[in-house]
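Chemist:
Numbering (our numbering), first residue to last: 35 to 184.
1. Residue 99: which of 105, 106 and 138 sits nearest, CA to CA?
2. Buried or exposed: which applies to residue 88, given that a residue is buried once 16 or more other Cβ atoms fall within 10 Å of its Cβ?
3. Assuming residue 148 and residue 117 form a contact by the criterion Cβ under 8 Å, report the distance between their Cβ atoms to the nearest whole angstrom.
4. Mind checking residue 142: buried by the 16 CB within 10 Å criterion, or exposed?
5. Go ahead and label residue 161 buried or exposed: buried means 16 or more other beta carbons lie within 10 angstroms of its beta carbon, across all protein chains shown.
6. So, for residue 108: in the same chain, excluding its five sequence neighbours on each side, which residues have a beta-carbon less than 7 Å away from its beta-carbon?
7. Please look up how many angstroms separate the CB atoms of residue 152 and residue 132, rounded, as I've assumed it's under 8 Å.
Here you go:
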């Protein structure tokens, strides 16, 4: 059986070439994006999320207050209510007095029981105050006097 020859425009290799190119070109662009690692932003704390701020360093019974050893810069505002958690289900509420020295801050015991070493948490969402950048006061920052030749 003799079949008529296929016209050149319908020849399978040449006929599918434009279609295969139109499908392959987008894949080239997609593969270039695959090398870039996707950055997942760190979860931002919300107002309902507790944040560890320190531990109970000492407890004083008369008057009822405690010293908290902070785990970083102490930026908890005066009057803020903190929560403590300890072993065996111990819990207490503390009220920040505003007194601090070095890495220790004072808080009044409002309710509950606590022991040295218990974790201290806050649910406040706040940012540390920005420190102003000022150049150090050195002689290098001053202009050099101009010598006059005469």
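All C-beta atoms in this analysis are idealised placements derived from N, C-alpha and C, irrespective of residue type, glycine included.
Modeler: Based on what the coordinates show:
1. 138
2. Around the beta carbon of residue 88, 16 or more other beta carbons sit within 10 angstroms, so the residue counts as buried.
3. Wrong, their Cβ atoms sit about 10 Å apart, outside the cutoff.
4. By the neighbour-count criterion, in which a residue is buried when 16 or more other Cβ atoms sit within 10 angstroms of its Cβ, residue 142 is exposed.
5. Low per-residue confidence applies at residue 161: pLDDT is 49, beneath 50, and the placement is therefore not dependable enough to give any value.
6. Within the same chain, residue 108 has close Cβ partners 134 and 139.
7. Incorrect: roughly 21 Å between the Cβ atoms, too far for contact.
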